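In the UniProt record's numbering, the protein residues as written are 1 to 221.
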Amino acid sequence: MPRASPLKVSRRPSRRAPARSEEDRQEKFNHILDAALDVFSEKGFARSRLEDVAARAGIAKGTIYLYVPSKQGLFEALIHSGIGGAVEELEGRLTSLDGSAEMQLRALFHFFRTEILGTRRRNIVRLLIVEAERIPALADFYYREVLTRALRLLRTIACDAVARGEFTSDELVRFPQLIVAPGLVALIWSELFQRIEPIDIEAMFEAHLSLLMRALKEDAA
């Protein structure tokens with residue numbers, strides 16, 4: 001049975017091309033991205049070649065150049081479509097929630113557990129951690145495409161909570177990274193140590209949220 005891909009590519013349809021032709025083009029690019037993620041995950045980004053990706057996708061190498069200019073461009077497309085698309089979806093979900101910051105953060109942790117750790121998207125983040133020091137441009141791209149939007153979203157949640165008196169401290173406004181810190185722990189732990197000492201990631205996220213809420217609401221009672 002074909003594997004469902006978590007990677008989506010958003011492109012504006014060409015005015016000249018029929019809609020079905022553009023859909024076919026996007027579907028083919030998604031297939032290339034899936035093949036790239038397979039190859040990069042198995043061999044590492046540095047040792048992978050576009051020839052390997054083309055062979056895995058069952059296409060000619062030149063076809064890849066119709067979509068991206070280079071191997072780095074292919075990795076950037078994975079970040080944009082896989083993780084950037086997930087952040088966009090998360091923004092929509094959280095902004096539609098008419099509730100407390102605690103409710104929004106719980107929804108965020110659930111999304112991270114199911115849509116990042118629970119899918120092949122986690123391999124994109126893992127690859128970035130491994131390759132970012134060697135190829136700083138990838139880290140820069142990830143920061144622009146993903147982190148700026150994610151941090152802005154988290155700061156907005158924290159600012160709104162402070163403004164309405166739900167939080168008595170602005171720590172999360174100044175350091176929104178504290179919110180998602182257990183996500184990185186979960187990612188690293190699941191890759192390296194889960195077989196040795198399994199951890200209940202959902203319970204860890206809930207414990208982290210509980211600690212945050214107690215610290216930020218301690219003077220609100």
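Built from N, CA and C at the ideal position, the CB exists for glycine as well. Quick caveat, the model's predicted, so the values are computed rather than measured.
Determine the extent of the alpha helix (DSSP H) in which residue i is found, giving its start and end residues.
i, result
"serine 70", "Looking at the DSSP string, serine 70 is not in any alpha helix (DSSP H), and its letter there is neither H nor E."
"glutamate 89", "85–95"
"serine 81", "Careful: serine 81 lies outside any alpha helix (DSSP H) and carries neither H nor E."
"tyrosine 142", "136–142"
"leucine 183", "Leucine is not the amino acid found at residue 183; the sequence shown has glycine there. Its alpha helix (DSSP H) spans residues 177–192."
"isoleucine 124", "121–131"
"threonine 168", "First-last for threonine 168: undefined, no H or E at that position."
"serine 210", "201–217"
"glutamate 51", "50–57"
"alanine 60", "Where alanine 60 is concerned, there is no enclosing alpha helix (DSSP H), given that its DSSP letter is neither H nor E."
"phenylalanine 111", "101–111"
Tell me which same chain residues have a C-beta within less than 6 Å of the C-beta of residue i, skipping the five on either side of it?
i, result
"lysine 71", "Leu50"
When you compare only the Cα positions, how much space is there between residue i and residue j?
i, j, result
"histidine 208", "leucine 178", "10 Å"
"serine 14", "phenylalanine 141", "With a pLDDT of only 40 at serine 14, under the threshold of 50, the placement of this residue in the model should not be trusted, and no figure is reported."
"phenylalanine 167", "glutamate 89", "26 Å"
"histidine 31", "arginine 93", "27 Å"
"lysine 217", "threonine 148", "27 Å"
"glutamate 27", "arginine 214", "47 Å"
Give every residue of the same chain whose Cβ lies closer than 8 Å to the Cβ of residue i, excluding the five residues on either side of it in the sequence, and list them in chain order.
i, result
"isoleucine 79", "Ile124, Leu128, Leu138, Phe141, Tyr142, Glu145 and Val146"
"methionine 103", "Leu97"
Shorter than 7 Å from the beta carbon of residue i to some beta carbon of chain C?
i, result
"arginine 120", "In summary, chain C is missing from the structure at hand, where a single protein chain is found."
For residue i, I'd like the list of residues in its chain whose CB is within less than 7 Å of its CB, leaving aside the five on either flank, ordered along the chain.
i, result
"leucine 151", "Pro176"
"glutamate 202", "Arg113"
Give a yes or no on contact between the region 26–42 and the region 102–109, applying the rule of three or more CB pairs nearer than 8 Å.
-> no
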